[in-house]
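Protein chains in written order, with our numbering: chain A, 29 to 235; chain B, 225 to 398. Backbone N, C-alpha and C define an ideal beta-carbon position, used for all residues, glycine too. Keep in mind that this is a model prediction, so the values were computed, not measured.
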Amino acid sequence: MGLISGSGSFSRYQVKGGPAEDFLEGLSERIGRHAFRNLTEDSTQERSTGWVNVMDMFDYRFAALEFLKEPYIAMSLRVDERKIPATAIKQYCLEAEEKIKGAENLDFLPKRRRADIKEGVKLRLLKRAIPGSKVYDMIWNYSTGSVIFGGTNTKLCDEFQEIFLKTFNFHLLAMCPYTLGSGFLEKEGDSPDLIDGLVPSNIWEEP
Amino acid sequence: MQLLEKVRKTEFLGKEFLAWLWFRTETERGNFKLGDKAIEIWFDGKITLQGENERGLETITCSGESQNMKEARFALAENKEVVQATLVFSMDDNQWTFVLDSLWLNFKTFKTPKIIQDKRDDPDGLFYEKMFLIEAAVSAVDDIYAEFLKLRISPEWSGEELPALSRWVREGKS
Numbered sequence: 029m030g031l032i033s034g035s036g037s038f039s040r041y042q043v044k045g046g047p048a049e050d051f052l053e054g055l056s057e058r059i060g061r062h063a064f065r066n067l068t069e070d071s072t073q074e075r076s077t078g079w080v081n082v083m084d085m086f087d088y089r090f091a092a093l094e095f096l097k098e099p100y101i102a103m104s105l106r107v108d109e110r111k112i113p114a115t116a117i118k119q120y121c122l123e124a125e126e127k128i129k130g131a132e133n134l135d136f137l138p139k140r141r142r143a144d145i146k147e148g149v150k151l152r153l154l155k156r157a158i159p160g161s162k163v164y165d166m167i168w169n170y171s172t173g174s175v176i177f178g179g180t181n182t183k184l185c186d187e188f189q190e191i192f193l194k195t196f197n198f199h200l201l202a203m204c205p206y207t208l209g210s211g212f213l214e215k216e217g218d219s220p221d222l223i224d225g226l227v228p229s230n231i232w233e234e235p
Numbered sequence: 225m226q227l228l229e230k231v232r233k234t235e236f237l238g239k240e241f242l243a244w245l246w247f248r249t250e251t252e253r254g255n256f257k258l259g260d261k262a263i264e265i266w267f268d269g270k271i272t273l274q275g276e277n278e279r280g281l282e283t284i285t286c287s288g289e290s291q292n293m294k295e296a297r298f299a300l301a302e303n304k305e306v307v308q309a310t311l312v313f314s315m316d317d318n319q320w321t322f323v324l325d326s327l328w329l330n331f332k333t334f335k336t337p338k339i340i341q342d343k344r345d346d347p348d349g350l351f352y353e354k355m356f357l358i359e360a361a362v363s364a365v366d367d368i369y370a371e372f373l374k375l376r377i378s379p380e381w382s383g384e385e386l387p388a389l390s391r392w393v394r395e396g397k398s
């Protein structure tokens with residue numbers, strides 16, 4: 029369940045540069061190019077990511093421009109991943125190794141051969157693994173440039189910023205005490221450099 | 225300087241902000257005036273503090289009701305810094321709960337007031353109401369952070385605010 033339908037965690041960003049007046053034109057195609065695609069059943073692809081309808085994770089066609097909720101662009105980043113438990117790989121590898129050793133009358137298998145067996149086992153099990161799905165809501169207020177993303181994990185946030193850039197051709201600036209503060213100072217007509225000059229206060233010192 | 229490096233170098237601002245907010249909620253009953261809106265804030269549930277000593281990085285997590293946060297106050301007085309805190313915001317008879325961290329000021333386990341709209345009847349209505357509630361809380365945190373920063377870069381910080389904050393911090397030992 030995403031941020032809009034339930035509760036959750038989120039990180040914040042600011043779009044660098046404002047969108048052109050006609051940026052809504054062609055948006056459908058741009059989003060379509062990075063829309064979610066299902067992992068095909070017998071493939072060995074481990075992961076698939078892309079945009080889906082923020083109100084319905086199974087809809088990635090956006091037939092009625094469901095991403096447009098003026099003044100927001102709202103979608104969810106869906107991540108499907110096939111995962112095989114490490115113990116299952118270990119067990120299937122052991123069985124495969126024993127079978128080969130028996131057939132070829134060997135006492136042990138070289139490291140390289142065992143690595144090949146492991147790779148083969150992994151690919152075989154991947155085809156059988158049912159992918160797990162997760163959705164992370166993204167809401168971009170294009171009148172203010174602020175973006176909310178329903179995830180806080182660093183790797184996931186990097187992935188989100190990358191797909192945002194690929195889809196909309198805009199870089200995102202992650203919000204933190206420094207970037208937020210610089211923005212406030214700029215709005216007040218002060219120099220953002222004032223933050224660079226700050227040093228930590230000693231809150232334990234006797235006044 | 226790369227952003228990540230800058231984020232780490234200025235994390236002290238997030239830590240000071242959370243300590244200052246805690247101080248303000250306890251000394252001014254958490255009442256803030258943001259434009260024409262009145263907001264009440266209190267620290268509730270979990271609070272995490274960190275500090276370095278000769279043994280390395282020490283993390284202390286305290287949980288409980290706000291009036292029983294003596295252990296957390298003691299840890300703060302013992303040179304620990306607030307790195308994460310659960311906050312409750314009350315505005316216009318609505319209540320939000322979330323965890324704010326010092327590194328990114330990210331919102332975690334964010335809960336808005338309950339929405340009565342039905343997703344099936346009016347999905348857009350639910351979306352706009354939820355967005356209104358999310359943006360209200362985000363904008364309130366931004367306004368309070370801006371108030372803190374304004375104070376932090378002014379002479380008033382070292383003249384009045386910091387001595388008062390330090391006194392309150394040291395009171396945590398008693």
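{"Check": "Along chain A, in chain order, which residues have C-beta atoms closer than 8 Å to that of residue 390 (chain B)?", "Outcome": "230, 231, 232, 233, 234 and 235"}
{"Check": "Just the chain B side, please: which residues come within less than 9 Å of residue 83 (chain A) by C-beta, in chain order?", "Outcome": "343, 347, 348, 350 and 351"}
{"Check": "Using a Cβ cut-off of 8 Å, pull out every chain A residue sitting near residue 263 (chain B), in sequence order please.", "Outcome": "In chain order: nothing, as chain A lies at least about 18 Å away."}
{"Check": "Going by DSSP, what residues sit across from residue 174 (chain A) in a beta bridge?", "Outcome": "A:42 and A:169"}
{"Check": "Quick check: the Cα distance between residue 273 (chain B) and residue 38 (chain A), rounded to an integer number of angstroms?", "Outcome": "21 Å"}
{"Check": "Strictly below 7 Å CB to CB, what residues from chain B border residue 180 (chain A)?", "Outcome": "330 and 332"}
{"Check": "Going along the region 174-198 of chain A in order, which residues come within less than 7 Å of chain B, judged by CB to CB distance?", "Outcome": "176 and 180"}
{"Check": "Alpha carbon to alpha carbon, what distance is there between residue 99 (chain A) and residue 83 (chain A)?", "Outcome": "17 Å"}
{"Check": "Using a threshold of 7 Å, state whether the C-beta atoms of residue 151 (chain A) and residue 72 (chain A) are closer than that.", "Outcome": "yes"}
{"Check": "Check whether chain B comes within 7 Å of residue 200 (chain A), counting only Cβ atoms and requiring the distance to be less than that.", "Outcome": "no"}
{"Check": "Kindly indicate which residue of A:203, A:209, A:187 and A:197 has the alpha-carbon position closest to the one of residue 105 (chain A).", "Outcome": "A:187"}
{"Check": "By DSSP, does residue 391 (chain B) sit in helix, in strand, or in coil?", "Outcome": "helix"}
{"Check": "Could you work out which residues of chain A lie near residue 238 (chain B), taking near to mean beta carbons separated by less than 7 Å?", "Outcome": "205"}
{"Check": "Buried or exposed: where does residue 329 (chain B) fall if 16 or more other Cβ atoms within 10 Å of its Cβ makes it buried?", "Outcome": "buried"}
{"Check": "Name the DSSP beta bridge partners of residue 315 (chain B), please?", "Outcome": "B:263 and B:318"}
{"Check": "So, is the C-beta of residue 127 (chain A) closer than 7 Å to a C-beta in chain B?", "Outcome": "no"}
{"Check": "Whole angstroms are fine: how far does the CA of residue 107 (chain A) sit from the CA of residue 139 (chain A)?", "Outcome": "34 Å"}
{"Check": "Tell me the residue span of the alpha helix (DSSP H) that contains residue 116 (chain A).", "Outcome": "114-132"}
{"Check": "How would you list, in chain order, the residues of chain D whose beta-carbon sits under 7 Å from the beta-carbon of residue 170 (chain A)?", "Outcome": "Note that chain D does not occur in the displayed structure, where the protein chains are A and B."}
{"Check": "With DSSP as the reference, identify every bridge partner of residue 79 (chain A), one or two as the case may be.", "Outcome": "A:63 and A:105"}
{"Check": "Which residue comes first and which comes last in the beta strand (DSSP E) that contains residue 157 (chain A)?", "Outcome": "No beta strand (DSSP E) contains residue 157 (chain A), which DSSP labels as neither H nor E."}
{"Check": "Comparing C-alpha positions only, which one of B:366, B:250, B:257 and B:347 sits nearest to residue 315 (chain B)?", "Outcome": "B:257"}
{"Check": "Taking Cβ positions, are residue 160 (chain A) and residue 36 (chain A) nearer each other than 7 Å?", "Outcome": "no"}
{"Check": "Three or more C-beta pairs closer than 8 Å, one from the region 130-149 of chain A and one from the region 198-211 of chain A: is that the case here?", "Outcome": "no"}
{"Check": "Within 10 angstroms of its Cβ, does residue 81 (chain A) collect 16 or more other Cβ (buried), or is it exposed?", "Outcome": "buried"}
{"Check": "Which of the three DSSP states is assigned to residue 307 (chain B) in this structure?", "Outcome": "strand"}
{"Check": "Looking only at C-alpha atoms, which of A:217, A:103 and A:34 sits nearest to residue 55 (chain A)?", "Outcome": "A:103"}
{"Check": "Closer than 7 Å by C-beta to residue 101 (chain A): which residues in its own chain qualify, once you throw out the five before and the five after it? Chain order, please.", "Outcome": "95, 168 and 170"}
{"Check": "I'd like to confirm the pairing. Which residues does DSSP put opposite residue 164 (chain A) in its beta bridges?", "Outcome": "A:105"}
{"Check": "With 7 Å as the threshold, decide whether the Cβ of residue 93 (chain A) is near any Cβ in chain B.", "Outcome": "no"}
{"Check": "Give the straight-line distance between the Cα atoms of residue 189 (chain A) and residue 395 (chain B), rounded to the nearest whole angstrom.", "Outcome": "44 Å"}
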